[in-house]
Amino acid sequence: MVNFQSLTVAAAGLLLLPSSQAAGLYTKNSGVLNLDARSYRSLIANSNHTSIVEFYAPWCGHCQNLKPAYEKAAKSLDGIAKVAAVNCDEEENKAFCGSMDVKGFPTLKIVRPGKKAGRPTVEDYQGPRTAKGIVESVKDKIPSHVKRVTDKDLDGWLTENNSSAKAILFSEKGVTSALLKAVAIDFLGSISVAQIRSKEAAAVSLFGVTSYPTLVLLPGGTKDPVVYSGEMSKASIVEFLSQAATPNPDPAPASSAKSKSKPKDAKQFSKASSQFSKASSSHRSDESASIKASQTAETLEDNSNPTESPNPQVVTDDTQKPVQVPDVAPQIATLDTPESLQQSCLTSKSGVCILLLAPSAFIQTTDSPVSKAVSVLSEIHHKHTKRGAKLFPFYNVPASASSDLRSALGLSDDSLEIVAVNAKKAWVKRYSGISDVSHNAIDAWVDSIRMGEGKKEKLAESIIVEAAEKQTPPAAEKPEEKVDVQMEELTNEQYEALMNAHKLKPMKPEDEAAHDEL
């Protein structure tokens with residue numbers, strides 16, 4: 001039986017699709033790069049800059065809802081990071097989407113340059129689907145090659161490689177901007193980029209800086225410094241610095257050696273394509289369920305004999321579907337006594353610990369800041385555990401166990417605090433944005449600790465205890481081997497024969513008594 005009307009309705013629906021949906025969601029003027037497997041490798045994987053990539057299907061309602069925010073994010077990140085998208089509904093992209101572990105739409109992944117060229121670090125974006133959330137998360141992931149210079153180390157930095165060019169941004173801000181990080185990446189290896197705060201009086205006086213921000217170029221050698229007078233935009237700054245050095249090409253030039261695809265890789269790519277096609281079809285089927293329910297069909301029968309269905313395993317509404325088990329992050333451990341806190345994180349051999357210090361009095365609800373912070377820290381730790389990363393421990397510490405630590409850090413008992421401590425190196429770093437316990441904000445702070453970025457304070461030695469030396473238990477003494485002596489009773493005849501053999505006479509009772517007295 002052929003359902004002609006259903007086919008006609010479906011075909012008409014395709015013709016009525018908006019042109020942007022039929023060809024992909026993003027146009028050339030949107031600011032979003034349209035990628036396939038090959039262009040992903042050249043533009044993203046081999047890039048010097050951080051990127052965010054959306055994997056989508058044009059028919060996906062959530063993808064269509066994300067489009068305005070994603071395009072807005074692309075314009076905000078222009079010149080700082082790359083914003084790209086892959087249409088996984090196109091046949092030539094299905095294998096690539098499968099290889100990137102795409103299981104639903106939209107899937108967003110942040111891609112950062114790795115230690116080896118062409119091998120970036122890829123992680124799922126779990127933040128809010130808003131332009132602001134996307135922009136902030138991507139900026140936080142941009143690596144920093146900007147040197148923080150103070151009056152104390154200015155001379156040393158200036159004399160180091162004096163013949164090479166240097167650039168200094170004088171700023172009132174203590175945080176390095178994503179713009180300056182991106183500029184430093186463009187000139188990495190050719191121009192050393194530094195940031196000096198306005199409070200560094202000697203440096204400010206040396207260069208005659210009177211307003212902020214001020215960018216100064218030191219061409220190198222005996223050449224005079226040049227003060228930048230243009231607008232603080234990426235393109236203008238790069239053009240200004242190009243008088244001293246050529247910016248790095250992005251992406252890096254392709255190697256002359258051509259890599260050959262291995263049969264094993266081809267099989268894996270084909271398998272990924274097959275698995276992705278099944279997942280995509282299932283997603284699309286669920287997405288269009290409501291549309292199909294509203295369609296009507298008129299069945300016309302022909303005179304031919306019915307043929308066997310090419311797929312006997314037809315999936316119906318009654319077919320049981322596997323239950324999707326949610327991936328719930330286990331809650332971080334609790335150190336509920338001062339002793340457990342001390343032994344876990346405050347000995348002279350203790351490494352980094354992330355501690356959530358709960359206030360002395362608070363109402364425990366799912367919406368309370370304490371509960372939210374515990375949940376966010378649990379999710380972050382679980383994320384790194386799943387990808388096999390070795391991460392320092394996270395602990396929840398009630399007020400009853402943290403009074404000594406709070407006193408050493410000058411913190412009140414009634415405040416919620418998140419701190420990182422390293423007793424071995426005697427430093428502490430406090431999470432300053434405690435009013436914002438969102439996933440993005442805390443995740444960025446944890447990342448700064450992992451990357452060794454940001455200012456750390458001295459941890460009071462009074463709070464650090466000497467680690468107990470491990471004593472080697474004495475070797476256990478070997479028990480003496482027992483000799484199992486078995487005695488056999490002799491008969492009178494055997495005894496007489498034994499005595500005669502040695503020409504001895506049996507002892508008389510009086511002889512035995514005399515012998516006992518000796």
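So for the sequence shown, the UniProt record's numbering puts the first residue at 1; every next one is plus one.
The beta-carbon is built from N, C-alpha and C at its ideal position, and this holds for glycine as well.
As the structure is a computational prediction, the values presented were derived from the model and not from experiment.
Please tell me whether residue i and residue j are closer than 8 Å, where the distance is taken between their beta carbons.
i	j	result
residue 429	residue 456	yes
residue 180	residue 217	no
residue 127	residue 439	yes
residue 112	residue 120	yes
residue 237	residue 206	no
residue 177	residue 212	no
residue 374	residue 396	yes
residue 329	residue 416	no
residue 194	residue 149	yes
residue 392	residue 437	no
residue 69	residue 131	yes
residue 50	residue 141	yes
residue 63	residue 33	no
So, at 6 Å on beta carbons, what are the nonlocal neighbours of residue i in its own chain, with the 5 sequence-adjacent residues on each side left out?
i	result
residue 515	Bear in mind that a pLDDT of 38 at residue 515, under 50, signals an unreliable position, so the number given afterwards is only what the model happens to contain. Contacts found: none.
residue 394	332, 354, 377, 381
residue 433	441
residue 431	418, 445
residue 47	250, 251
residue 203	151, 154, 196
residue 293	The pLDDT assigned to residue 293 is 44, lower than 50, so where the model puts this residue is not dependable, and the model offers no usable value.
residue 449	420
residue 221	163
residue 45	118, 120
residue 327	none
residue 232	none
Please report the Cβ distance between residue i and residue j, rounded to the nearest whole angstrom; I am assuming they are in contact, meaning their Cβ atoms lie under 8 Å.
i	j	result
residue 182	residue 138	Wrong, their Cβ atoms sit about 11 Å apart, outside the cutoff.
residue 200	residue 151	5 Å
residue 146	residue 77	Between residue 77 and residue 146 the Cβ distance is about 18 Å, and since that is not below 8 Å, they are no contact.
residue 244	residue 219	5 Å
residue 31	residue 71	6 Å
residue 83	residue 74	4 Å
residue 522	residue 337	Past the boundaries of the shown model lies residue 522; the chain is included only from 1 to 518, so the question cannot be answered.
residue 247	residue 187	6 Å
residue 361	residue 443	Wrong, their Cβ atoms sit about 28 Å apart, outside the cutoff.
CB-CB under 8 Å to residue i, same chain, minus the five flanking residues each way: which ones, in chain order?
i	result
residue 412	406
residue 161	192
residue 158	166, 218
residue 398	334, 336, 358
residue 174	197, 455
residue 125	52, 108, 109, 110, 134, 137
residue 93	36, 37, 86, 87
residue 461	426
With a CB to CB cut of under 7 Å and the five nearest residues on each side skipped, what residues in its chain are close to residue i?
i	result
residue 458	426, 427
residue 79	182, 234, 235
residue 423	345, 346, 347, 348, 350, 459, 464
residue 404	338, 463
residue 342	465
residue 257	In this prediction, residue 257 has a pLDDT of 44, which is less than 50 and means its spatial position is unreliable; nothing more can be read from the coordinates.
residue 230	236, 240
residue 122	109, 111
residue 467	347, 348, 349
residue 447	140
residue 185	48, 49, 145
residue 388	none
Taking 7 Å as the cut-off, is the CB of residue i close to at least one heavy atom of the ligand FAD?
i	result
residue 251	No copy of the ligand FAD occurs in the structure displayed, which carries no ligand at all.
- Task: Can you check the UniProt domain "Thioredoxin" (14-143) for any alpha helix (DSSP H) of at least 4 residues that lies completely inside it and give the ranges in chain order?
- Result: Taking only runs of at least 4 residues, the alpha helix (DSSP H) segments lying wholly in the UniProt domain "Thioredoxin" (14-143) are 19-23, 37-40, 61-76, 91-99, 131-140.
- Query: Counting Cβ pairs closer than 8 Å, one from the stretch 93-113 and one from the stretch 154-173, do we hit at least three?
  - Reply: Too few Cβ pairs lie closer than 8 Å, so no.
- Item | Minimum length 3: unbroken beta strand (DSSP E) runs contained in the stretch 400-471 | DSSP runs (the beta strand (DSSP E)) wholly in the stretch 400-471: 417-422, 427-430.
- Message: Quick check on the DSSP output: what are the complete alpha helix (DSSP H) runs of length 4 or more inside the stretch 150-189, in order along the chain?
- Response: For the stretch 150-189, whole alpha helix (DSSP H) runs of length 4 or above, ordered along the chain, are 154-159, 178-186.
- Query: Counting only runs that start and end within the stretch 333-401, where is the alpha helix (DSSP H) found for 4 or more residues in a row?
  - Reply: For the stretch 333-401, whole alpha helix (DSSP H) runs of length 4 or above, ordered along the chain, are 338-345, 369-386.
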